[in-house]
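Enquirer: Submitted below is the structure of interest, expressed as structure tokens.
4 protein chains.
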Amino acid sequence: MKNTFGNAVSLTIFGESHGPAVGAVLDGLAAGLPVDETAIAAAMDRRRARGDGLSTARTEADEVTFLSGVYRGHTTGTPLTLIIRNQNTRSGDYAKTADLLRPGHADFTAHAKYGGWQDARGGGHFSGRVTAASVAAGALCECVLQNLGIHVYTHIAVCAGVEDAPLSSAAGLVLPQPAPGHFALLDPARETAMQKAIRAAGRDGDSVGGMLETIVTGLPAGIGEPWFDSVESELSHLLFAIPACKGVEFGAGFRFANLRGSEANDPFVLRGGRIETATNRNGGVNGGITNGMPLVVRTVLKPTPSIYKEQHTVDYAARQETTLQIEGRHDPCIVPRAAVVQNTLTAFGLLDLLTVRYGTLAQKNGLPGA
Amino acid sequence: MKNTFGNAVSLTIFGESHGPAVGAVLDGLAAGLPVDETAIAAAMDRRRARGDGLSTARTEADEVTFLSGVYRGHTTGTPLTLIIRNQNTRSGDYAKTADLLRPGHADFTAHAKYGGWQDARGGGHFSGRVTAASVAAGALCECVLQNLGIHVYTHIAVCAGVEDAPLSSAAGLVLPQPAPGHFALLDPARETAMQKAIRAAGRDGDSVGGMLETIVTGLPAGIGEPWFDSVESELSHLLFAIPACKGVEFGAGFRFANLRGSEANDPFVLRGGRIETATNRNGGVNGGITNGMPLVVRTVLKPTPSIYKEQHTVDYAARQETTLQIEGRHDPCIVPRAAVVQNTLTAFGLLDLLTVRYGTLAQKNGLPGA
Amino acid sequence: MKNTFGNAVSLTIFGESHGPAVGAVLDGLAAGLPVDETAIAAAMDRRRARGDGLSTARTEADEVTFLSGVYRGHTTGTPLTLIIRNQNTRSGDYAKTADLLRPGHADFTAHAKYGGWQDARGGGHFSGRVTAASVAAGALCECVLQNLGIHVYTHIAVCAGVEDAPLSSAAGLVLPQPAPGHFALLDPARETAMQKAIRAAGRDGDSVGGMLETIVTGLPAGIGEPWFDSVESELSHLLFAIPACKGVEFGAGFRFANLRGSEANDPFVLRGGRIETATNRNGGVNGGITNGMPLVVRTVLKPTPSIYKEQHTVDYAARQETTLQIEGRHDPCIVPRAAVVQNTLTAFGLLDLLTVRYGTLAQKNGLPGA
Amino acid sequence: MKNTFGNAVSLTIFGESHGPAVGAVLDGLAAGLPVDETAIAAAMDRRRARGDGLSTARTEADEVTFLSGVYRGHTTGTPLTLIIRNQNTRSGDYAKTADLLRPGHADFTAHAKYGGWQDARGGGHFSGRVTAASVAAGALCECVLQNLGIHVYTHIAVCAGVEDAPLSSAAGLVLPQPAPGHFALLDPARETAMQKAIRAAGRDGDSVGGMLETIVTGLPAGIGEPWFDSVESELSHLLFAIPACKGVEFGAGFRFANLRGSEANDPFVLRGGRIETATNRNGGVNGGITNGMPLVVRTVLKPTPSIYKEQHTVDYAARQETTLQIEGRHDPCIVPRAAVVQNTLTAFGLLDLLTVRYGTLAQKNGLPGA
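Chains as they are written, first to last, in the working numbering: chain A, 386 to 755; chain B, 386 to 755; chain C, 386 to 755; chain D, 386 to 755.
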């Protein structure tokens, strides 16, 4: 359904980079869930650009305005709509090169699809700006999960060639969201090196990509609906909606290609009477359903396509080859900011699957409170 | 929607390994499309196990029976239902170890989700047997695409440590489906080595995984619906429904993590008046929309979890740790058979997105034939 | 989604009148629900034609075969597929008049939509035969509701000009399904007159229509999702899938047009500490949500379009006006058989809405059993 | 999907009566469709209350603001979001009686569903105010249809006991939208009597209902997707989202109950080489699919539940019976204003079905422009 996703809880996103606002409609929430505006603002702040040589110089307050579905600080159970006004827009930067197809961007495919009617300013509907809306909506879903004892955490697994500490080093898996202005890392000591490597690429007029890893703890076993609404299908569907995401893997992911079955299976064990697995190569999912172990999913994000090196391209209007020199304000690396997008989209997807799951159970177990 | 997927064309799959049949309902096809039973049978044959030390000894005729939607050799435009009877079932093999949770399988998660009511024989609804239905349905979609000039081809990129030739070696991208009993490889000369490596793992009582790469040629630019029904979101949703699939990547995929933007962007060029890209690192997709270059998607499949080595596990009924020795008939490697599953699911997904796309165009361009 | 409907529980139906089988896939049921084959067979029997001058002479055993989703007499929680083989088909009756468009039927619209590729034998996919599948699936849903204390009952409000007793006469609303071969009536004494009137129309080579009224008791308040998935929207969507249904109304329905607000509102009262309404003109639904009073919905079914009087029509192939004399076997009245279709589709729709409702509640109330 | 509906084109509505705004997201429109703000404003104006004793004294400018999806006066092909600010809100009127359940309203069901967390001011999400958003979105859809030669027209068939002229009197079916401030009537001469009857009810502190009839001309044959997405199922689903709608019928509707088949069938004839029907008792739909004749659908709207007579009810908080005297500003009759809601929802539904239909055709007829 194009810009709407979800079964029991649905998320619709809209907006263009230089239009009046970006926004989201979140439908299917229960009534009476607290809307923690501080937590939402904190997520918005983690996503925010800082103009610090690591991200774009376009910084915005990113204030979230609720148009519906919130009353007296709680959800009403009816569709929750939020918008974030676009304020700091400088369309002039783009007009000069409007006909030059930016490599790696959606300029050409937007032409092919929309025939010139798209709002091309700042990438229009393809801009990462739209993720501000999904972060706000997903941050609310994350709060709902937390109240159910489920915690979602995303760190930068690798960026600009600098790796974070491996997940295996995270004793007890207590993974706090990072402080404002800081990177989400298991080992905060590596932040300096990572930022240095990003800035180096930026100084070269170039950009870098990386990988994000999300860990979810506290999920009960039994979530996910095979075949087509498995945890893996649902989350990958959402995570490929992160701009620049070109790959999604669960557990050992692509490393499974070089393992044998005896190295890939997770033996079952009893821990305090609870069935767990001794290892977690399958990333908490078997047969598309959660097994109660931490869910582990990784994405790869390609380098920001906006670079300041001269590039070969085509002038769409003139139909001739030419060169392009991008101006404007762009992140040399979107990975740190995308971490919060990944975290919140994952929260939304899991809340949807949880809601589906517990609805079905009611058919057999009766209707509580009825 | 659990076992149903698609927007304009929908696929519903059902069945258990040892139940009466597996099957599929394909809805949203146009009327009058030829139903090429030979092409469908050929796809079923490529998926079929051969009992040759490479795949399970459970071999079945896999005859496809149409229950609805086909008349006089063509689609009727109403839901097309097909079933494949289960014939060669030996449930006894499973009964002995019914309570022992097989590592890497869905035994435990099925218990968590279905509370013991699942049909556990042969993996039940989680069995790869269910993919026979999606192959038959998807093979029909593949024929529809071929008539539109769109070709889908999947080869084994790597298996048991043996790599196929790279896609760059496929001059002209004429990629025929493999002959019966042969592996789908760009370089057929590598088949012997790959089969040898698989048999070696099988002799060790172990199993291997691998990677599958799908290439689609002839797709027009403009297919895919951002944000949530992008080509990448739709195809990954489907491809994670391949049993054992633990990762999906497009174009350069996870290799993007180590590239700079200047190495990752595909410069635009003019070729015979048509806008193309000089390279295809983005795998034919920008901003979630096809750009007219070949679409390239890869999956990783973990090794078959059924191995003949003794494994540590838990007896679910007795709630105690124990060891498991799997018997029965299992593939030491499902990668070659999964190639046809990936090929046909991709064909289905693209047919769905094409149908969505050309419906929307009619709003502006008028109603042909009306 | 064409032949699939539902949010948390989905029903897909398929088949043609003279194809191999009609069938249904029901997905989203909990695992472990008893599959009462006796109750399902009883519903099939109530829908069955009897060749008694009231319904078509095409009588079939209508045996329901489960292909998936049932194991050891209970649902498995995976998609439940059932088929009913077509046995008593006499296509010859139709071939003679294949090009003559039958007034009131879908012959012409099928041509317009499917361009001649439709299976026109016996009405093909448009045949009332397809309802056998939805009855079987819906009868199972009805059993699930009964176990939750919710009862669905449909009677013939009026047929062939003969009215049943009004709902207000049904003291205590204990409404048993009718005995085999009998009409569903609040006042069984009216059956003779109703049957006599139907047979009279049949003897004239003509047909009659009527109205069906469904009453649902035991529904908790709070079911239904405004705006678009209200109880009224969801049920009307399903009930218009009853062949010949041309109208749906709730509570006082079209009589509201002539009432004033003071006559239309249902005053609230306390009964045993429970909030009820003194009257039930709104049919148990306010604002699209159940209010705990009996749900009341009525449909109108037009007379069977197959009549034995000569009719004016067009020869589609020859493109000329002509007359048509229908042969074959047809019901002079489908209203009594449609009662069970209405009853079971209503049960399905309510089970879907109940499942949606109780899933949402879990977000706030916690995850039972997790 | 709760507040989202549609297959190829989807409409999401949100908002509360006294919240910041009501709004809609319309997704699935082609790019480059003209956005005729004058036509949209005219529809808003027809829906607007006038404080003239016929409708509520709450009058608002109802200015439509586009937040996304419109650029340079045309659609961009990305989700179109529009909002209408709530300005003239006087919540104080409601606060006095907040705990008294208003008969005929959703007060009690909202409590049952949302547990007290709903925004009850002015009816909250249940308020007719939300229809302003669907009118704006649907008016745009109506323009798209007009460009395809399809015209949608709704008149007040009966209101306050005064009937409009019958459809059969509308020679040539040229049915213009009414002038500002006037009722939509086939026979404008009956407006005075109808308004007088409404005002009479209002003076009694009472309210009246009525029936709306929509006629659609220019629809090609072949639109609608049996079984579950038939024209009748799709439109009824939407029309029951008109507040106060309690019944929907097509063609002869409930009058079919008293007709014989020979009186109900529409004989086929040739008119200028085109196949038509001599009569149109089936309202342009056979087998759920359009047959090229004018589509005719009628709804019944119950009288406005807000009346100024004293009513018996229950105090929800105190759990005791009491009487209620409603204050505030309310329409004695919403039928005239609802006409535009019905017209625009119908336009939206048909645009959705048209888009589905022409997408499917492309599978067989090739990809125009590709």
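We put the beta carbon where it would ideally sit given N, CA and C, even for glycine.
With a threshold of 8 Å between beta-carbons, can LYS694 (chain B) be considered close to chain A, or not?
Expert: yes
Enquirer: When DSSP labels each residue in this structure, what does VAL660 (chain D) get in the three-state scheme?
Expert: What sits at residue 660 (chain D) in the sequence shown is Ile, not Val. Per DSSP, reduced to three states, the secondary structure at ILE660 (chain D) is strand.
Enquirer: Which residue wins for smallest C-alpha separation from GLU576 (chain B), given the options B:GLU548, B:PHE625 and B:LEU597?
Expert: Of B:GLU548, B:PHE625 and B:LEU597, the residue nearest in Cα terms is B:GLU548.
Enquirer: Is it true that the CB of GLN727 (chain B) sits closer than 8 Å to the CB of LEU552 (chain B)?
Expert: no
Enquirer: Using a beta-carbon distance cut-off of less than 7 Å, what residues from the segment 604-628 of chain C approach chain D?
Expert: ALA606, GLY607, GLU610, PRO611, TRP612, PHE613, ASP614, SER615, GLU617, SER618, SER621, HIS622, PHE625 and ALA626
Enquirer: Compare the C-beta of GLY417 (chain D) with all C-beta atoms of chain A and state if any pair is closer than 8 Å.
Expert: yes
Enquirer: Using a Cβ distance threshold of 8 Å, determine whether the segment 414-424 of chain B contacts the segment 497-517 of chain B, with at least three qualifying pairs required.
Expert: no
Enquirer: Distance check for TYR538 (chain D) and PHE756 (chain D), CA to CA, integer angstroms please.
Expert: One cannot answer for residue 756 (chain D) here, as it falls past the ends of chain D, which runs 386 to 755.
Enquirer: Which same chain residues end up closer than 8 Å to VAL670 (chain A) when comparing Cβ atoms and leaving out the 5 residues on each side of it in sequence?
Expert: GLY609, SER615, VAL616, GLU617, PHE635, GLY636, ASN676 and LEU680
Enquirer: With a threshold of 8 Å between beta carbons, is GLU576 (chain C) in contact with chain D?
Expert: no
Enquirer: If you measure from the beta carbon of ASN665 (chain A) to each beta carbon in chain C, is any gap under 8 Å?
Expert: It does not: the Cβ of ASN665 (chain A) has no partner Cβ on chain C nearer than 8 Å.
Enquirer: Could you confirm whether any beta carbon from chain C is found closer than 8 Å to the beta carbon of PRO753 (chain A)?
Expert: yes
Enquirer: In three-state DSSP terms, what is GLU648 (chain C)?
Expert: helix
Enquirer: Starting from the C-beta of GLU740 (chain A), find all residues in its chain whose C-beta is less than 6 Å away, skip the five residues before and the five after it, and write them out in chain order.
Expert: Inspection of the sequence shows that residue 740 (chain A) is occupied by Thr rather than by Glu. So the list reads ALA393 and VAL394, once near-sequence residues are dropped.
Enquirer: For GLN696 (chain D) and LYS631 (chain D), I'd like the C-alpha separation in whole angstroms.
Expert: 22 Å
Enquirer: Using a Cβ-Cβ cutoff of 8 Å, what residues of the segment 723-736 of chain C are near chain A? List them in chain order.
Expert: LEU736
Enquirer: Using a cut-off of 7 Å between C-beta atoms, extract the partners of LEU414 (chain D) located in chain B.
Expert: Annotation: Cβ neighbours of LEU414 (chain D) in chain B (cutoff 7 Å, chain order): GLN748.
Enquirer: Is DSSP giving THR516 (chain A) helix, strand or coil here?
Expert: helix
Enquirer: Are any of the Cβ atoms in chain D nearer than 8 Å to that of ALA505 (chain C)?
Expert: No, its Cβ sits nowhere closer than 8 Å to a Cβ of chain D.
Enquirer: From the DSSP output, in three-state form, read off VAL726 (chain D) for me.
Expert: helix
Enquirer: Less than 7 Å separating the Cβ of GLY462 (chain D) from some heavy atom of the ligand ADP?
Expert: This structure lacks the ligand ADP, and indeed carries no ligand of any kind.
Enquirer: In three-state DSSP terms, what is CYS528 (chain A)?
Expert: helix
Enquirer: Going by C-alpha distance, which of A:CYS718, A:LYS387 and A:ILE398 is nearest LEU730 (chain A)?
Expert: A:ILE398
Enquirer: Using DSSP's beta-bridge definition, name the partner residues of GLU610 (chain B).
Expert: B:ASP614
Enquirer: Would you be able to state if there are at least three C-beta pairs under 8 Å between the segment 646-654 of chain B and the segment 620-629 of chain B?
Expert: no
Enquirer: Can you tell me the Cα-Cα spacing of ARG584 (chain A) and ASP716 (chain A), whole angstroms?
Expert: 10 Å
Enquirer: Between THR745 (chain A) and chain C, is any beta-carbon pair separated by less than 8 Å?
Expert: Answer yes: the Cβ-Cβ gap between THR745 (chain A) and chain C drops below 8 Å somewhere.
Enquirer: Going by CA-CA distance only, name the one from A:GLY404, A:LYS749 and A:LEU525 that's closest to GLN472 (chain A).
Expert: A:GLY404
Enquirer: According to DSSP, GLU548 (chain D) sits in a beta bridge with which residue or residues?
Expert: DSSP output for GLU548 (chain D) lists D:VAL543 as bridge partner(s).
Enquirer: Which residues in chain A have a C-beta closer than 8 Å to the C-beta of VAL633 (chain B)? List them in chain order.
Expert: Near VAL633 (chain B) (Cβ distances below 8 Å), the residues of chain A are SER621, GLY632, VAL633 and GLU634.
Enquirer: Just to confirm the assignment, what range does the alpha helix (DSSP H) spanning THR423 (chain C) have?
Expert: 422-432
Enquirer: Taking a contact to mean a Cβ-Cβ separation below 8 Å, would you say ILE627 (chain C) touches ALA723 (chain C) in this structure?
Expert: yes
Enquirer: Taking the Cβ atom as the reference point for each residue, do GLY462 (chain A) and TYR499 (chain D) lie within a distance shorter than 8 Å?
Expert: yes
Enquirer: If you draw a straight line from the alpha carbon of TRP612 (chain C) to that of ALA517 (chain D), how long is it in whole angstroms?
Expert: 13 Å
Enquirer: I want to see whether chain A comes within less than 8 Å of ALA522 (chain C), judged by CB atoms only; does it?
Expert: Chain A, which has no Cβ nearer than 8 Å to the Cβ of ALA522 (chain C), makes this no.
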